[in-house]
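Below: the structure, in structure tokens.
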Amino acid sequence: MTGPRRVLLALFAVATLTAAAADPADRLSDPAQEARARTIFRDVRCLVCQSQSIDESDAALARDLRQLVRQEVAAGKSDAEIRAYLVSRYGQFVLLAPKPSLGNAVLWIGPLLVVALGAAALLMRRGPAQDGEALTEQEEAVLAKLSSEETR
Amino acid sequence: MIDELGQFALVLALALSLAQAGLSIAARVRRDAALAGAGEGAAMGAFAAIVLGFAALIHAFVTSDFSVLNVAANSHTAKPLIYKIAGAWGSHEGSMLLWCLMLTGYGAVMAASGRLPFGLKASAVATQGLLGALFIGYMVFASNPLARIADVPVQGDSLNPLLQDPALAGHPPFLYAGYVGFSVVFSLSAAALVEGRVDPAWARWIRPWTLAAWSFLTVGITLGSYWAYYELGWGGWWAWDPVENASFMPWLMGTALLHSAAVTEKRGALASWTVLLGIGAFTLSMMGAFLVRSGVLTSVHAFAIDPKRGVLLLGILGLAAGSGLALYAWRAPTLKDEAAFTPISREGSLFLNNVLLAGATAVVLIGTLLPLIRSAIDGTPISVGAPYFNLTFTALVAPALIALPAGPLLAWKRGDLAGALTRLRIAAALALAAGLATLAFVSPRSLLAACGIALGAWVIWGALAEASDRVKLFRAPWAEVGRRAGGLPRGAWGMTLAHVGIGVFALGAAFETAWRTEATEAVTLGHTMRLGAYTLRLDSVGQYFGPNFAADRAIVRITDGAGGVFCIAAPERRLYAAGGQTVSGVAICPTLLDDVYVVFGDRRVQPGGQAAFLLRAYWNPWVRFVFAGPLLMALGGVVSLSDRRLRFALTSRLRAAAQPAPAE
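Following this line, the structure appears as structure tokens:
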């Protein structure tokens, strides 16, 4: 067997770039249920992958998890029930959108705090000895100078 | 021999960086022009030495010199030349050398540029020298790109085939030019704190560096995103992956910096906030470099991981950022911030922009780091992924986009919001029409996406309305309009372009996310599958050999709704024998705005015994806007950068205009 041919055989053996989430062999027969399963896939982490959801991953474990979710969907479980089931089996780590909890509160409070502090600083801003009315003569002169630099 | 010369040059660069720092500090303390000149000379020398070292590494890669560990681990004789060259920055060691090349390069340009006041310049050159010494020291002692090995292999291990791609060859240089461009802003900020002075002239000096760094970073991130889009074969362009986030944080802060520096430049306000952003942008850049290389994050794109050296990088990050922030905490209270303004004013709108961008940066920062922090504190592994980021980030950026068109129409200090909105009424009507048309004509109907389309249109038309307002379009004779357009500063055109760019991006992101269509089928030869309005027919499957890979290739005939042949796509799967990896070669059939995206998958045996092949296809409508928008933004940055007001020769006159020059 020649070299290249061996390479090609290996190619077929190694190639595991499967159709991932939408593999027709795995799909649920009811399109509505399948669509619901796909929505759930996007929120579930492929535990052995690097920061991918099971919707994106080709890993064997991701496929197992997809089949698990599909079974649950087919059994008529609600989204919340399926998520709770996954968490009970694999822990919080399995959900890509962490459930609000004390330890995760900073995810929402942190950015809000930044915005609130900033907004407060803007609204409560008081310049020293000025009331923020029209520009003073000196400021007008500076701006005029800067603007003439602009338009020249 | 050349490798040893390169090694020597790198050590020389370390010595010169230390000299640069020492001489410039001495020059500042003694107010000695000769010492300052020597410090600047050392800065240029350090850059020249790094260029030599970098050239030696490129030479080693091009000649496949496998006695160099870095080359043996990342190259292969059969690799095409361009990827041999790009391999020079494809590894941990090489990418750090590229980082140092940029760092000293920016430092040399700063040292060569005249007209900065003596004290400020000496302090900035010294700071840049200290940064250089830190990173070059790390490279020489812990991450030597030219280290030799005793047992020279006959063949190299090759570069990860995913990285053998034109977009990715260009991605790191642009990204690093962006990251490291903020180092000059960092140095100038630290110098301003040392000097205790932040004035409009200073804000104008940091502007070209900020603009250059921001534009490079924009292009770098876009190239990375485009690479992920067509190389990884998943059809998406942004996944909120930790490594993507690491590059996005300095971009967000750099964007905030561009806007706050405008306030400091024109009105002398927000001085200490602008300095903080100047320090923060490079801090986040260094953090990005650390996160990507240390292995603390798991990511599909994390590369050149080495936990041991990660600790060292963390030390460098802590030392540089810690000193910068400590200096800020100590000196910032002395900065004067005198100009007053009301909330409804140009300053107010730029401040709002900063508040929301700071919030968005906090979202990305906290979301990226919390999993690390939680597992360190109580050992609870949690995941923070796309669902969190999409929700919170959009919630913060949407108000920013809603407010954006009004900002440039408000006067400084005290603006007239009603007047600004009156001038935006046509833009508002057009945006509303775009949203309603989307709701009426695009199915399946999506209110959220229609709002996104209206928002994108609002930003675009708003930016155009502002520009036409400035040139008195339709209100003055054409000659007058032309004269005004010619007289507008490049900075104003740059702003318009960048704002149109973000609007274009919003259009693309909303449309593509809502109406992207996916289809996956096992198709036997000669049979078809449907993808929206398109029909895909698997014509044949063949094999061919590339320079360093073997490939299976499918020929897929795509016909559009009218039955005409739209495209012959040839998706493939490549096996790179050197590393044993299989990589999908996506086929993309573009129209003006959309892509039909085809991935070639496994071979399957059908129940009837015939062979079938999995085809996965996406219709990505308006995806072109997703990449064109950021490129427009970067173009806006470049146009602003070409503004002649930014030439350094002008700054001294401006300084005199802004206020009486201090005795120096």
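Top line first, the protein sequences correspond to chains A and B. Numbered continuously in the numbering used here, the first sequence closes out at residue 152. Numbered continuously in the numbering used here, the second sequence closes out at residue 1664. Ideal placement from N, C-alpha and C gives every residue a C-beta, glycine not left out.
Are the CB atoms of residue i and residue j nearer to each other than 8 Å?
i	j	result
B/Thr-1392	A/Pro-111	yes
A/Leu-107	B/Tyr-1388	yes
B/Ala-1043	B/Val-1125	yes
B/Val-1292	B/Val-1219	no
B/Leu-1257	B/Ala-1192	no
B/Ala-1404	B/Val-1471	One point to set straight first is that residue 1404 of chain B is Leu, not Ala, in the sequence displayed. The answer is no: Cβ separation not under 8 Å.
B/Tyr-1106	B/Val-1051	no
B/Ser-1247	B/Val-1152	no
B/Ile-1402	B/Tyr-1328	no
B/Tyr-1597	B/Gly-1224	no
B/Gly-1090	B/Ala-1056	no
B/Phe-1182	B/Thr-1104	no
B/Pro-1080	B/Pro-1547	yes
B/Asp-1595	B/Ile-1588	yes
B/Thr-1520	B/Leu-1614	yes
B/Gly-1129	B/Ala-1021	yes
B/Thr-1380	A/Gln-92	yes
B/Leu-1098	B/Pro-1172	yes
B/Trp-1461	B/Ala-1506	no
B/Gly-1676	B/Trp-1240	With chain B covering only 1001 through 1664, there is no way to say anything about residue 1676 of chain B.
Could you have a look at residue i and say whether DSSP puts it in helix, strand or coil?
i	result
B/Ser-1123	helix
B/Cys-1589	strand
B/Trp-1330	helix
B/Asn-1620	strand
A/Gly-127	Its pLDDT being 48, under 50, A/Gly-127 is placed unreliably by the model, and the measurement read from it follows with that caveat. Looking at A/Gly-127 - three-state DSSP - the assignment turns out to be coil, as it is neither helix nor strand.
B/Val-1565	strand
B/Ile-1382	coil
A/Ile-54	coil
B/Ala-1661	In this predicted model, B/Ala-1661 has a pLDDT of only 39, less than 50, meaning its place in the structure is not dependable enough to derive any value.
B/His-1611	Checking the sequence shown, residue 1611 of chain B turns out to be Ala, not His. Strand, per DSSP.
B/Phe-1600	strand
B/Arg-1414	coil
A/Val-161	Here chain A covers residues 1 to 152 and nothing more, so residue 161 of chain A does not appear.
B/Ile-1149	coil
A/Gly-3	Here A/Gly-3 scores only 40 on pLDDT, less than 50, and its place in the model should not be relied on; the value that follows carries that caveat. Residue state, collapsed to three classes: helix.
B/Leu-1232	coil
B/Val-1300	Its pLDDT being 49, under 50, B/Val-1300 is placed unreliably in this model, and the value from its coordinates should be taken loosely. Here B/Val-1300 sits in coil by DSSP.
A/Leu-107	helix
A/Leu-95	strand
B/Asn-1245	helix
A/Asp-79	helix
B/Lys-1336	coil
B/Pro-1547	coil
B/Gly-1579	coil
B/Gly-1045	helix
Since residue i sits in a beta bridge, which residues does DSSP pair it with?
i	result
B/Asp-1595	B/Pro-1590 and B/Asn-1620
B/Gly-1542	B/Arg-1553
B/Ser-1285	Beta-bridge pairing links B/Ser-1285 to no other residue.
B/Glu-1572	B/Arg-1553 and B/Gly-1585
B/Val-1605	B/Ala-1611
B/Thr-1559	B/Thr-1535 and B/Val-1565
A/Leu-112	Note: A/Leu-112 sits in no beta bridge, so no partner.
Using 8 Å for Cβ pairs, my map puts residue i next to residue j. What's the rounded Cβ distance?
i	j	result
B/Leu-1270	B/Arg-1346	Going by Cβ atoms, the distance from B/Leu-1270 to B/Arg-1346 rounds to 12 Å, so no, they are not a contact pair.
B/Pro-1250	B/Leu-1284	4 Å
B/Ala-1554	B/Leu-1538	6 Å
B/Arg-1573	B/Gly-1585	7 Å
B/Leu-1325	B/Met-1287	Rounded, the Cβ-Cβ distance is 12 Å, inconsistent with contact.
B/Asp-1003	B/Ala-1060	6 Å
B/Gly-1156	B/Ala-1072	5 Å
B/Phe-1669	B/Tyr-1226	In this structure chain B extends from 1001 to 1664, so residue 1669 of chain B is not present and cannot be described.
B/Tyr-1576	B/Val-1583	7 Å
Does residue i have its Cβ less than 8 Å from a Cβ in chain D?
i	result
B/Ala-1510	Looking for chain D here will not work: the only protein chains present are A and B.
Using only the heavy atoms of the ligand SAM, determine whether one of them is closer than 7 Å to the beta carbon of residue i.
i	result
B/Arg-1346	In the structure shown, the ligand SAM is absent, as is every other ligand, since no ligand is present at all.
Taking the runs of the alpha helix (DSSP H) that are 4 residues or longer, which of them lie wholly in the segment 1458-1513 of chain B? 1478-1487
Where in the segment 1152-1229 of chain B do unbroken runs of the beta strand (DSSP E), each at least 3 residues long, occur, reported from the N-terminal end onward? none
If you scan the segment 1343-1378 of chain B from start to end, which runs of the beta strand (DSSP E) of 3 or more residues do you find wholly inside it? none
Segments of 4+ residues assigned as alpha helix (DSSP H) that fall wholly inside the segment 1048-1106 of chain B: 1069-1074 and 1081-1087
Would you list, in sequence order, the uninterrupted beta strand (DSSP E) runs of no fewer than 3 residues that lie entirely inside the segment 1514-1541 of chain B? 1517-1524 and 1528-1531
Residue ranges of each alpha helix (DSSP H) within the segment 1245-1278 of chain B, 4 or longer: none
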